[in-house]
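Reading through the structure tokens given below for one structure.
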Amino acid sequence: MRKQEVPCPDLDINSLKRKSLGERNPAKNCKRPKREEANFFPPHPNGETSNSLEKERQELLKEVKKNNNTKDIQEKMAKTFSYRRLEVVSGSPAADEFRMRWPALFCEAKINEEFQRTTILLEQRLMNKLDHYTPKLVALMKAKRDAVIRSLILYLGEKEELLFEDCLVNNRSDVTEHILKILVIHGADGEDPVDVSILIDGAEILPGCCNTAKACALLMRLIYALNLVYPPTLRYTFEVFQKLFLELDVIKLSPKAQALKLNLLS
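Quick note: the sequence shown, position 98, residue 102 per my numbering, numbers continuous.
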């Protein structure tokens with residue numbers, strides 16, 4: 005029998021012929037799942053090519069301008085998933101550039117769907133785990149529930165201002181200064197937030213996140229959707245989000261995350 009060629013994009017993209025002359029080493033700059041992504045780099049649907057999916061993308065740009073066509077957008081987003089992953093994994097585009105090419109992705113519902121295509125239903129699991137651990141976290145950190153995430157960052161020896169940029173509504177921060185942050189805009193009295201946004205690569209990518217917990221969940225989805233790396237200055241915070249709250253790639257924990265897990269389970 006003639007050997008049938010089976011498409012395997014993740015092997016193809018890591019082949020030596022795809023690498024530059026200075027990186028033609030099998031172990032160098034390999035593109036592979038790092039956070040238990042089930043569909044890190046899937047093949048295109050049967051009968052589809054990058055050219056045909058590019059045409060679908062261009063159709064999507066027209067569809068997002070129409071009203072009451074959620075189903076059509078959902079179908080086209082599902083169909084072009086492999087094409088987006090090709091862009092993200094091979095090209096590492098800037099978030100704002102990617103938003104211009106795929107505007108339909110950048111709303112809460114579509115980010116959630118994208119994350120489900122790669123792994124699991126993120127927000128519900130993160131919120132459930134946060135709620136599950138909140139009594140213990142409150143006891144450990146002597147904090148109210150609304151402050152648990154900020155207290156968690158401090159508990160892990162990191163700085164909350166590296167994740168959250170707080171400002172007043174009449175004195176907003178310059179978003180162009182930030183690579184990856186959650187912008188928390190407080191009212192004139194400086195108390196409860198009036199808006200929460202996600203900043204990536206100096207652009208306000210996702211406004212209207214309601215609160216910091218939801219913003220953290222949406223940020224995790226975007227990190228997976230755009231194949232971003234965790235900020236090294238918040239490595240333990242994101243490790244806890246991923247491995248303790250989302251239960252993804254839980255085999256190996258850092259000593260800090262392991263100690264927190266033992267405290268939460270005791």
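Cβ coordinates follow ideal geometry from the N, Cα and C atoms, glycine included.
Listed in chain order, the alpha helix (DSSP H) elements of length 4 or more contained wholly in the stretch 62-89 are 74-83.
If you check the CB distance, Leu-130 and Leu-250 come in under 7 Å.
Taking the C-beta atoms as reference points, Ile-153 is found no nearer than 7 Å to Thr-53.
Close CB contacts of Ala-219 within its chain, under the 7 Å cut and outside five residues either way in sequence, are with Ile-186, Val-200, Ile-202 and Cys-213 (chain order).
Ranked by Cα distance from Tyr-228, the options Pro-236, Phe-242, Tyr-137 and Ser-155 are led by Phe-242.
For the 7 Å CB-CB criterion, Val-68 and Asn-231 do not form a contact. It is roughly 21 Å from the alpha-carbon of Ala-99 to the alpha-carbon of Gln-78. Residue state for Ala-192 is assigned as coil, using DSSP reduced to three classes. With a contact defined as Cβ atoms closer than 8 Å, Pro-235 and Leu-166 qualify at about 7 Å.
Within the DSSP secondary-structure output, Val-92 pairs in no beta bridge.
Excluding its 5 nearest sequence neighbours in each direction, Asn-73 has C-beta neighbours in its own chain below 7 Å: Glu-67, listed in chain order. DSSP places Cys-220 in the helix class (H, G or I) of the three-state scheme.
In this structure, Glu-169 sits near Ser-177, with a CB-CB distance shorter than 7 Å. Boundaries for Ile-209: no alpha helix (DSSP H) harbours it, while the beta strand (DSSP E) harbouring it runs 207-210, taken from the DSSP string. For Tyr-87, the closest of Pro-197, Phe-110 and Pro-46 by C-alpha to C-alpha distance is Pro-46. Assignment of Asp-253 by DSSP, reduced to helix, strand and coil, places it in the coil class. At a Cβ-Cβ threshold of 7 Å, Val-173 and Val-198 count as neighbours.
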